[in-house]
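**Q** The following block contains the structure, expressed as structure tokens.
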Amino acid sequence: MPPIKIGSLTINESLHDFVTYEALSGTGIGALQFWTGLTKLIDEFSPLLRAADAEGEGTSATTEAPSAETLDPIAARLLGPQIVVPASEPRYILNAANARWSSLYDALYSSHLISEADGAERGTSYNKVRGAKVIETVCAFLDEIVPLANGSHGDVKLYGVAGGKFFAEFAPGERAELKNPEQYSGFQGRAERPTALLLRHEEGYLVLRIDRRHPIGREHPAGLADLQLESLLAVVIDFEDSVLCVDAKEKVAAYRNWLGVLKGSLRTQFKKNNKVTERLLATDASFTGPKSEALSMPGHSLLMASHAAPTVLSDLILDKHGEPVPETLIDAAVTALIAIQDLKRGRGLPNSAKGAIYAVKTKLRGSRDVQIACDISSRLEGFLRLPKEAIKLVLMEETGAVHGALAACKAAAQNRFVAFIPDPVDAAAEALRLKSASAALSFAPPVSTACAFAASPSTVALHAFAVHRGQAPSAPVWPEPVVLDKKSGAETDLQTLCSQILLMLVALIEYGQSSLKRHEEDGLDFVRIADRASLRLISAQIANWLRQGLYGEEQIRAALRQAAVSLMEKNASDASFQALAAEGAGSLLQAAWDLIDLGVQTPDAPIEPVLLAYRRAAKERQGTTVQNPFESMKGATRGLESGEAFRTND
């Protein structure tokens, strides 16, 4: 399709038509107003973003919290697990967004926290013995955080509401209120026979689901069929993904998904367990409050758009010089424009009750980039007619330079910053880069739920379980790297890392899949999500070993070839793995070496441009979209499919 020329910009026709005929609808913003504003934004900030890397200004700065009047209450609790999903995948966007409320029954049943001793094995079907242990654990948990004035939740025969107060009945005429009556917030159904009770603990809400006819509810004397915890606070929708949004069609589809999820119209159908399932955005939940007032609780998590890094260029729009523009400018403008439709919605709870738009900024290089991000937000608020400081910035905590950025921007942007979100894998890669100049190091990211990327909705339910009990870590603790002896390099370690690189490259480049699951061999249920951040860490690890002389170039290339042969043998029926046999330009072996060499030559360079080039070449070579044969991996997009042993609904 021929591009559209508007003023000094040359705009891809797909993007132009989407913005003009879909994104602008209902916003009150005219097409000329938007494109003129974007032209000025690009003219002003494109040269600044193309400039040399900014310098950080320290590592220990803090900032004042944003005004409570302009910040959603949930945003103040963002230190904890979030799920990152590619903007191109409706199924996983909806699954993550709907994990605002997660089943503690389901999470405990499938976790190592419930012993498999005495006949309580997990197995492949529901085990009543294990289920009884889960119910016992949940009742003890309720006794701990929402205790009754007397008695235990495990002995309750009937839950109900009388006179606007919660009660638990042990026998006719024998009732108890909550020890703290203020913890009761509302009910669904009939007061004397509620189907749900909304309670409040200091760390969030919880819902007791009551259904005596449910297979699980029949196992509890009061029919407690489930306990849902307010679990997933935020979902980061990633527009940066260098393997899923490599051309105009895919990028516009991603923007369309953002439009759909904010309007509540996004839906998708998929086949799971031999059944076709339709997934929609969870609706808001209505309760009757203690004073018979109507109470509405959001059904989904807070949605935040993650923009491309400042170094990434896009040919969706060409500037007055005919050059690609920084993609972060397009992301910022289009996602903010779409968010106006959410802010103006006439029914239901908007994504932000405070009229805020949450933008996640990644890979900022220091205070200069942060200041530019603030200025870009101000210009957007101007031509989109948004209130001052409506756009809130969430920073991925990846480098010391980002910490230092807050000191420089504190005065100008104290009501724009929301939070840091720590990414353990990226932070580990950055620490490796900073410390690898003098030694050969081994550095693994920490296992912690207090980080940006959770493995599944079940993981965030377990995190909420720990937070309510005061056991969750407030932040990840970074381990110190292990210094390796140059004279005794571990060949098995190199072989393992080479296999991991090639496996991820098959998923990323051949299938355009953003991540895959890696189950740890430690007997626990922790699932590490391997994705671009993992790829950066692994390639940086090998680059460090090459730079320090632990291994030579030929040793590493030989290890890659050996890993390729092993993977091809294990996946002989998959043609994409056979692509590992190719060598030279354009091959996956060359892609792996390019990433390692990048870590040697330019340790702080982003890996996205390398992945983007190889993914585009793969798409051109494949022609039509290939069918992904390993659905279990695809379901691991930052780990969104949880094992649902307790629930049959998806």
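Numbering-wise, the UniProt record's numbering puts 74 at position 74 of the sequence shown, and it's gapless, one number per residue.
Note that beta-carbon positions come from the ideal geometry of N, C-alpha and C, so glycine has one too.
What first and last residue would you give for the alpha helix (DSSP H) that runs through Ala255?
**A** Rather than Ala, the amino acid found at residue 255 in this sequence is Tyr. Looking at the DSSP string, the run of the alpha helix (DSSP H) that includes Tyr255 is 248-263.
**Q** Could you tell me whether the Cβ atoms of Tyr205 and Met297 are closer together than 8 Å?
**A** Cβ distance < 8 Å, so Tyr205 and Met297 count as in contact.
**Q** Could you give the DSSP three-state label for Ile93: helix, strand or coil?
**A** Of the three classes helix, strand and coil, the one that applies to Ile93 here is helix, per DSSP.
**Q** Please report the straight-line C-alpha distance between Leu148 and Pro350, rounded to a whole angstrom.
**A** Taking the straight line joining both Cα atoms gives about 35 Å.
**Q** Measure the alpha-carbon distance for Gln183 versus Val207 and round it to whole angstroms.
**A** 12 Å
**Q** When you compare the region 21-29 with the region 370-378, are there three or more beta-carbon pairs, one atom per stretch, that lie closer than 8 Å?
**A** no
**Q** Hey, how far is the Cα of Gly586 from the Cα of Ala140?
**A** Straight-line Cα distance between these residues: approximately 58 Å.
**Q** Opposite Ser103 in the DSSP bridges: which residues?
**A** Gln228
**Q** Return the chain-ordered list of same chain residues with a C-beta closer than 7 Å to the C-beta of Gly355, the five sequence neighbours on each side being excluded.
**A** Taken in chain order, the residues that qualify are Leu343, Pro387, Ala390.
**Q** With a threshold of 16 other CB atoms inside 10 Å of the CB of Arg536, please say whether the residue is buried or exposed.
**A** With 16 or more other Cβ atoms within 10 Å, it is buried.
**Q** Leaving out five residues on either side along the sequence, give the residues of the same chain with a beta carbon under 8 Å from the beta carbon of Phe465.
**A** So the list reads Leu104, Ala107, Leu108, Phe141, Leu229, once near-sequence residues are dropped.
**Q** Taking the continuous alpha helix (DSSP H) assigned at Thr328, which residues delimit it?
**A** 327-343
**Q** Under a Cβ-count criterion, where at least 16 other Cβ atoms within 10 Å of its own Cβ denotes burial, should Lys249 be classed as buried or exposed?
**A** exposed
**Q** Quick check on the burial criterion: 16 or more other C-beta atoms within 10 angstroms. Buried or exposed for His321?
**A** exposed
**Q** Measure the alpha-carbon distance for Val370 versus Val460 and round it to whole angstroms.
**A** 30 Å
**Q** Is Arg365 helix, strand or coil when you go by DSSP?
**A** Looking at Arg365 - three-state DSSP - the assignment turns out to be coil, as it is neither helix nor strand.
**Q** Helix, strand or coil for Arg190 per DSSP?
**A** strand
**Q** Using only the alpha-carbon positions, how far apart do Gln341 and Glu554 sit?
**A** Roughly 56 Å separates the two Cα atoms.
**Q** What are the complete beta strand (DSSP E) segments, minimum 3 residues, inside the region 115-169?
**A** 158-162
**Q** Starting from Leu302, trace the alpha helix (DSSP H) both ways and give me its first and last residue.
**A** Looking at the DSSP string, Leu302 is not in any alpha helix (DSSP H); the run it does join, the beta strand (DSSP E), is 302-306.
**Q** Please check the pair Leu41 and Leu329, which I expect to be a contact at CB under 8 Å, by giving their CB distance rounded to whole angstroms.
**A** 6 Å
**Q** Counting C-beta neighbours from all protein chains within 10 Å, is the total for Glu240 16 or more, i.e. buried, or is it exposed?
**A** buried
**Q** Where do the ends of the beta strand (DSSP E) carrying Gln269 lie?
**A** 267-272
**Q** Mind checking who Arg209 pairs with in its DSSP beta bridge?
**A** Ala196, Asp226
**Q** Determine the closest residue to Gly223 out of Ile210, Leu313, Ala234, Val276, with distance taken between C-alpha atoms.
**A** Ile210
**Q** Candidates Leu494, Val360, Ile4, Lys157: which alpha carbon is nearest Thr335's?
**A** Val360
**Q** Going by C-alpha distance, which of Gly382, Ala373, Thr36, Leu384 is nearest Lys392?
**A** Ala373
**Q** From Ser566, Lys133, Leu48, Val325, pick the residue whose C-alpha is nearest to that of Thr10; which is it?
**A** Val325
**Q** Between Arg130 and Glu136, how many whole angstroms is the CB-CB distance? I'm expecting something under 8 Å.
**A** In fact, because the Cβ distance is near 11 Å, the residues do not count as touching under 8 Å.
**Q** Expressed to the nearest angstrom, what Euclidean distance is found between the alpha-carbon atoms of Asp319 and Gly28?
**A** 26 Å
**Q** Using CA atoms only, rank isn't needed, just tell me which of Ala309, Glu44, Thr39, Pro290 is closest to Gly160.
**A** Pro290
**Q** Have a look at Leu502, Leu611, Ala605, Ala87 and flag the residue whose alpha-carbon is nearest the alpha-carbon of Ala581.
**A** Considering only alpha carbons, the answer is Leu502.
**Q** For the region 531-611, list the alpha helix (DSSP H) runs that are entirely contained and at least 4 residues long, ordered along the chain.
**A** 532-547, 553-570, 575-578, 588-601
**Q** Assign His112 to one of three DSSP states: helix, strand, or coil.
**A** coil
**Q** Using 8 Å as the threshold, is the C-beta distance between Val246 and Lys619 below it?
**A** Using a Cβ distance threshold of 8 Å, Val246 and Lys619 count as a contacting pair.
**Q** Could you tell me if Asp226 is buried or exposed, where buried requires 16 or more neighbouring beta carbons within 10 angstroms of its beta carbon?
**A** buried
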